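Converting from the sequence shown to our numbering requires adding 3 to each position, the first position being numbered 1.
Worksheet: the structure to be examined is printed underneath.
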Amino acid sequence: MTPSDRDATGLLTRHDQYLQLISPSGERRTDPEYDPWVADIDAAALERLYRDMAIVRRLDAEATALQRQGELGLWPPLAGQEAAQIGSARALRDDDFVFSSYREHAVAWCRGVGPAELLTVWRGSAASGWNPFEHNMAVPQIIIGAQSLHATGYAMGLAWDGSDAAAISYFGDGATSEGDVNEAFVFAASFDAPVVFFCQNNQWAISEPVGLQSKQHLARRADGFGMPGIRVDGNDVLAVLAATRIALDRARRGKGPTFIEAVTYRMGPHTTADDPKRYRTDDELADWRTRDPLARVLTLLGSMGTDSEALERDVATEAGRAAAELRAAVTTIPDPEPMSVFDHVYAEPNTHVARQRDHYARYLAMFDEADAAASDTAGGAR
């Protein structure tokens with residue numbers, strides 16, 4: 004390590020290598036900079052992280068099946084990105100606030116979002132899935148990168164209020180080319196906003212490879228905005244936990260934002276409307292399967308004396324119950340009333356929305372009148 008490996012704050016940056024604490028083969032790797040940040044993670048804690056990852060992988064597979072069976076309109080799978088999401092989410096405090104994209108189902112799981120709340124948007128039954136203030140997590144953002152601005156503004160508000168809570172914004176590699184994300188970087192760095200920018204570099208922005216939009220590692224983009232960048236093995240839950248903890252600590256101490264590039268891989272399609280076979284090879288997929296985030300944790304636990312086979316069986320049973328609960332939740336989601344589309348547009352009464360509501364109500368009434376006329380006509384014919 005050379006002096007240039009450190010930024011002005013002393014935070015070790017990882018631009019041209021991974022931060023990795025668990026190798027793909029399940030070997031625990033030591034790192035003097037980051038080991039202290041996960042010193043509390045013993046075998047029991049590691050088992051809990053494995054449990055989280057295994058359950059959300061099963062929930063993701065169930066939701067994908069529900070979409071294929073016509074129960075959901077769309078689903079964006081997270082398979083392969085479990086460690087990036089669980090490791091970062093478990094670093095958060097309850098009073099931190101999450102601003103995510105549409106793929107962070109595992110983060111939602113960690114924030115206590117229930118099965119029905121997770122599915123309503125994708126079933127088309129509601130415009131948003133949950134009350135953000137019940138979980139300190141904003142509802143999924145579909146507009147690419149917009150949540151980075153929301154997170155920055157919220158974080159600036161936290162600082163002005165004197166709170167030591169932080170915000171975290173999740174987005175993919177493709178979002179780093181969006182103006183919103185770069186504008187968020189400018190504001191966050193300029194005002195030392197307590198925000199963590201967490202980029203899940205899953206190698207593909209829909210069908211475009213990350214190398215097409217960036218000739219350098221994404222973590223290096225942090226340099227231009229005056230914030231630290233950390234490049235972490237996104238399939239290593241322990242390394243992600245350590246990196247996120249140190250970034251959050253920096254934010255809480257008033258030192259400003261941090262950019263984390265979690266290098267991972269999207270094993271499935273971008274969404275269930277996508278066909279990844281059209282733009283990537285089977286060999287690439289097979290290579291990334293050897294870096295599976297769950298398998299490496301199981302191997303490490305086995306070396307620590309855990310009965311990994313028994314753990315795997317027990318967690319699989321628990322994951323099956325969670326999946327059954329998710330499937331059952333689909334049947335409990337009611338179809339929305341047509342007029343409910345106007346209910347939560349603004350917090351206060353709005354004359355423009357009221358006028359639209361009145362127009363729409365009269366439009367719907369036309370169908371009731373037409374049905375009544377048709378019934379009268381049919382009755383007269385008899």
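No residue lacks a Cβ here, since even glycine has one placed at the ideal position from N, Cα and C.
In this text, all values refer to a predicted model and were calculated from it rather than measured experimentally.
Measure from the alpha carbon of residue i to the alpha carbon of each residue in the options, then state which is nearest.
{"i": "Pro1", "options": "Ala350, Glu186 and Asp63", "result": "Residue 1 lies beyond the stretch modelled for the chain, which goes from 4 to 385, so this question has no answer here."}
{"i": "Ala319", "options": "Leu22, Met56, Ser28 and Trp291", "result": "Met56"}
{"i": "Trp291", "options": "Met307, Ala254 and Val266", "result": "Val266"}
{"i": "Leu288", "options": "Gly227, Ala68, Pro272 and Glu312", "result": "Pro272"}
{"i": "Arg360", "options": "Leu241, Val344 and Glu74", "result": "Val344"}
{"i": "Cys113", "options": "Val124, Leu77 and Arg93", "result": "Arg93"}
{"i": "Arg32", "options": "Val300, Trp163 and Arg223", "result": "Val300"}
{"i": "Gly132", "options": "Arg255, His108, Ile146 and Gly323", "result": "His108"}
{"i": "Pro135", "options": "Ala192, Asp99, Pro279 and Gln216", "result": "Asp99"}
{"i": "Asp277", "options": "Arg294, Tyr37 and Ser210", "result": "Ser210"}
{"i": "Asp176", "options": "Ala331, Leu329, Leu367 and Phe262", "result": "Phe262"}
{"i": "Tyr282", "options": "Asp195, Pro212, Leu297 and Ala129", "result": "Pro212"}
{"i": "Gln203", "options": "Ala357, Tyr173, Glu137 and Pro231", "result": "Tyr173"}
{"i": "Met307", "options": "Asn238, Asp34, Glu65 and Ala48", "result": "Ala48"}
{"i": "Gly182", "options": "Ala325, Gly148 and Asp286", "result": "Gly148"}
{"i": "Val142", "options": "Gln72, Ser151, Asp45 and Val101", "result": "Val101"}
{"i": "Phe201", "options": "Leu251, Glu65, Gln23 and Gly29", "result": "Leu251"}
{"i": "Tyr105", "options": "Val198, Glu315, Gln88 and Asp97", "result": "Gln88"}
{"i": "Asp45", "options": "Ile145, Gly305 and Phe228", "result": "Gly305"}
{"i": "Leu24", "options": "Asn238, Gly214 and Glu137", "result": "Asn238"}
{"i": "Ala68", "options": "Gly29, Leu122 and Val110", "result": "Leu122"}
{"i": "Pro35", "options": "Ala298, Ala245, Ile171 and Ala169", "result": "Ala245"}
{"i": "Phe194", "options": "Glu312, Tyr21, Val110 and Gly259", "result": "Gly259"}
The alpha helix (DSSP H) with residue i in it runs from where to where?
{"i": "Val124", "result": "Pro118 to Arg126"}
{"i": "Ser91", "result": "Glu85 to Ala92"}
{"i": "Ala331", "result": "Ser311 to Val333"}
{"i": "Met56", "result": "Ala46 to Arg71"}
{"i": "Ser28", "result": "Segment: none, Ser28 is in no alpha helix (DSSP H) and carries neither H nor E."}
{"i": "Ala298", "result": "Pro296 to Ser306"}
{"i": "Trp291", "result": "Asp285 to Arg292"}
Mind checking which residues open and close the beta strand (DSSP E) that includes residue i?
{"i": "Ile263", "result": "Thr261 to Val266"}
{"i": "Val101", "result": "Phe100 to Phe102"}
At the level of alpha carbons, what is the spacing between residue i and residue j?
{"i": "Ala242", "j": "Ser26", "result": "10 Å"}
{"i": "Tyr349", "j": "His355", "result": "11 Å"}
{"i": "Ser180", "j": "Phe188", "result": "12 Å"}
{"i": "Asn139", "j": "Gly115", "result": "10 Å"}
{"i": "Gly90", "j": "His220", "result": "21 Å"}
{"i": "Thr275", "j": "Asn205", "result": "16 Å"}
{"i": "Glu340", "j": "Ser217", "result": "46 Å"}
{"i": "Ala191", "j": "Tyr157", "result": "10 Å"}
{"i": "Ala162", "j": "Pro39", "result": "27 Å"}
{"i": "Arg358", "j": "Leu367", "result": "14 Å"}
{"i": "Leu303", "j": "Arg54", "result": "14 Å"}
{"i": "Trp207", "j": "Arg269", "result": "8 Å"}
{"i": "Thr334", "j": "Gly76", "result": "14 Å"}
{"i": "Gln70", "j": "Arg330", "result": "11 Å"}
{"i": "Gly160", "j": "Ala129", "result": "29 Å"}
{"i": "Asp338", "j": "Glu264", "result": "39 Å"}
{"i": "Asp236", "j": "Leu52", "result": "16 Å"}
{"i": "Gly165", "j": "Glu351", "result": "28 Å"}
{"i": "Gly232", "j": "Asp226", "result": "7 Å"}
Checking the sheet assignment: what are the DSSP bridge partners for residue i?
{"i": "Leu22", "result": "Val235"}
Is residue i close to chain B, meaning its C-beta is less than 7 Å from at least one C-beta of that chain?
{"i": "His108", "result": "Reference to chain B is not applicable here, since this structure consists of a single protein chain."}
Contained alpha helix (DSSP H) runs [length at least 4] in the region 190–244, N- to C-terminal order: 213–216 and 224–228
Ranges of the beta strand (DSSP E) found wholly within the region 113–179, counting only runs of at least 3: 170–175
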